[in-house]
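Have a look at the structure below before the remarks.
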Amino acid sequence: MTDPIVVEVEVAATPEHAFRVWTQKADSWWPASHSMSGTEDFKVVFEPFVGGRIFEVAGDGREFDWGEITEWDPPRAVSYKWHIFLERDKATLVDVRFSAIGYGTRVRLVNSGFDVFDDDVAAERVGRVESAWGSLLASYQASV
Amino acid sequence: MGDPFAALGDPTRRLIVGSLARREQSVGELASQLPISRPAVSKHLRILRDAGLVSDRAEGAKRIYKLESAGVEEVRDYLEVVWGDAMRRFKLFVENTSSGS
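Residue numbers (this note's numbering), protein chains in the order written: chain A, 12 to 155; chain B, 193 to 293.
Written out as structure tokens, the structure is:
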């Protein structure tokens with residue numbers, strides 16, 4: 012059993028605004044180095060309903076599937092299957108909760124379901140390059 | 193053994209790795225997708241192989257290159273770094289576009 016990833020931030024904005032930015036402006040905060048098209052001028056679309064697609068639209072119009080909405084409850088929560096860079100059956104689960112706190116919003120992300128990779132070829136295909144990227148990013152973060 | 197992170201510091205090599213992540217390929221197949229010559233692709237592949245990121249095998253007269261393997265913990269560790277980075281950027285963008293609550 013692989014532990015889920017939990018990342019929590021507190022933002023000085025309403026849950027409505029935070030939810031809107033997460034689901035309508037993902038191209039503004041998702042690292043461009045991790046677009047599937049490899050381009051900088053991409054857009055990200057969250058179709059606003061359960062079963063809706065999450066996909067990237069590259070500058071040249073090509074579309075790349077990133078995931079599928081499994082819970083849509085603005086401005087409290089959005090959950091989705093997440094298979095960016097992977098085959099669809101290798102999706103992990105992303106759950107994002109937006110809670111009002113005194114001066115803003117707590118945003119809690121849980122990415123779970125990594126056991127889908129156990130003993131699997133898909134992980135072999137992507138794991139090495141991704142871990143290398145991760146270390147690159149870590150050293151970048153340490154340097155800023 | 194070369195340093196994998198130095199090996200990935202070059203944008204052409206990142207493109208090669210991204211392409212091999214989709215499927216294993218020969219030098220010729222890779223060169224047909226990139227704006228560089230076959231010898232240049234071979235040079236990059238050698239650096240990636242020395243860094244342990246790709247492996248190669250003979251198939252007839254061709255050499256086929258594929259990404260080297262890694263496990264679930266490495267995928268998870270990678271995503272943890274990406275989400276941390278994404279969340280920091282998210283916070284900045286949210287706060288810079290908020291009209292105040």
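For every residue, glycine included, the Cβ atom is placed at its ideal position computed from N, Cα and C.
Excluding five sequence neighbours on each side, which residues of the same chain lie with their C-beta closer than 8 angstroms to the C-beta of residue i?
| i | result |
| --- | --- |
| Val20 of chain A | Arg117, Val118 |
| Glu74 of chain A | Phe66, Glu67, Val68 |
| Trp41 of chain A | Val55 |
| Gln35 of chain A | Phe57 |
| Arg268 of chain B | none |
| Ala88 of chain A | Glu82, Asp106, Val107, Arg108, Phe109 |
| Val132 of chain A | Bear in mind that the predicted position of Val132 of chain A carries a pLDDT of just 47, short of 50, making it unreliable; the figure below should be weighed with that in mind. Closer than 8 angstroms at Cβ, skipping near neighbours: no residue. |
| Ala102 of chain A | Gly78, Glu79, Lys92, Trp93, His94, Gly124, Val127 |
Determine the extent of the alpha helix (DSSP H) in which residue i is found, giving its start and end residues.
| i | result |
| --- | --- |
| Gly252 of chain B | Premise fails: Gly252 of chain B is in no alpha helix (DSSP H) and is neither H nor E. |
| Asp38 of chain A | 37-40 |
| Ala23 of chain A | Where Ala23 of chain A is concerned, there is no enclosing alpha helix (DSSP H), given that its DSSP letter is neither H nor E. |
| Val219 of chain B | 219-225 |
| Asp242 of chain B | 230-242 |
| Pro203 of chain B | 203-214 |
Check for me: the beta strand (DSSP E) holding residue i runs from which residue to which?
| i | result |
| --- | --- |
| Ala111 of chain A | 103-112 |
| Asp71 of chain A | Unbroken run through Asp71 of chain A: none, as it is neither H nor E. |
| Leu120 of chain A | 115-123 |
| Ala90 of chain A | In the sequence as displayed, the identity of residue 90 of chain A is Ser instead of Ala. Segment 88-93, the beta strand (DSSP E) holding Ser90 of chain A. |
| Val127 of chain A | Counting along the chain, Val127 of chain A falls outside any beta strand (DSSP E), and DSSP gives it neither H nor E. |
| Val61 of chain A | That residue, Val61 of chain A, is in no beta strand (DSSP E); it is neither H nor E in DSSP. |
| Phe53 of chain A | Careful: Phe53 of chain A lies outside any beta strand (DSSP E) and carries neither H nor E. |
Is the beta carbon of residue j closer than 8 angstroms to that of residue i?
| i | j | result |
| --- | --- | --- |
| Ile95 of chain A | Met47 of chain A | yes |
| Leu259 of chain B | Val274 of chain B | no |
| Glu287 of chain B | Ala24 of chain A | yes |
| Arg230 of chain B | Gly220 of chain B | yes |
Apart from the five residues on each side of it in sequence, which residues of its chain come closer than 7 angstroms, Cβ to Cβ, to residue i?
| i | result |
| --- | --- |
| Val22 of chain A | Ala29, Gly115, Thr116, Val118 |
| Ala111 of chain A | Pro26 |
| Leu222 of chain B | Ile208, Ser211, Val233 |
| Arg64 of chain A | Glu58, Asp76, Glu79 |
| Ile228 of chain B | Thr204 |
| Gly113 of chain A | none |
Looking only at C-alpha atoms, which of the options sits nearest to residue i?
| i | options | result |
| --- | --- | --- |
| Gly49 of chain A | A:Glu58, A:Asp71, A:Pro59, A:Val56 | A:Asp71 |
| Gly276 of chain B | A:Gly78, A:Asn122, A:Arg99 | A:Asn122 |
| Ile239 of chain B | B:Thr204, B:Thr289, B:Val286, B:Ser291 | B:Thr204 |
| Ala199 of chain B | B:Lys235, B:Lys254, B:Ser218 | B:Lys235 |
| Asp202 of chain B | B:Leu237, B:Arg214, B:Ala278 | B:Leu237 |
| Leu271 of chain B | A:Val32, A:Ser39, A:Leu104, A:Trp33 | A:Leu104 |
| Gly62 of chain A | A:Pro85, A:Pro86, A:His45, A:Ser90 | A:Ser90 |
Taking CB distances under 8 angstroms as the criterion, tell me whether residue i reaches chain C.
| i | result |
| --- | --- |
| Ser290 of chain B | The structure shown contains no chain C; its protein chains are A and B. |
Apart from the five residues on each side of it in sequence, which residues of its chain come closer than 6 angstroms, Cβ to Cβ, to residue i?
| i | result |
| --- | --- |
| Ile16 of chain A | Asn122 |
| Phe1 of chain A | This structure cannot settle anything about residue 1 of chain A, because the visible part of chain A is limited to 12 through 155. |
| Leu120 of chain A | Val18, Val107 |
| Ile256 of chain B | Glu216, Ser218, Arg249 |
| Glu51 of chain A | Ala43 |
| Lys254 of chain B | Ser218 |
| Leu284 of chain B | none |
**Message:** Using a Cβ-Cβ cutoff of 7 angstroms, what residues of the segment 214-238 of chain B are near chain A? List them in chain order.
**Reply:** none
**Message:** Can you pull out the residues from the segment 67-89 of chain A whose beta carbon lies closer than 7 angstroms to at least one beta carbon of chain B?
**Reply:** none
**Prompt:** Got a sec: which bits of the segment 268-285 of chain B sit with their beta carbon under 9 angstroms from any beta carbon on chain A, in order along the chain?
**Reply:** Arg268, Asp269, Tyr270, Leu271, Glu272, Val273, Val274, Trp275, Gly276, Asp277, Ala278, Met279, Arg280, Arg281, Phe282, Lys283, Leu284, Phe285
**Message:** For the segment 14-32 of chain A, list every residue whose C-beta sits within 7 angstroms of some C-beta in chain B, in sequence order.
**Reply:** Ile16, Val18, Val20, Val22, Ala23, Ala24, Thr25, His28, Ala29, Val32
**Item:** Contacting positions in the segment 41-52 of chain A - beta carbon closer than 8 angstroms to chain B
**Value:** Trp41, Pro42, His45, Gly49
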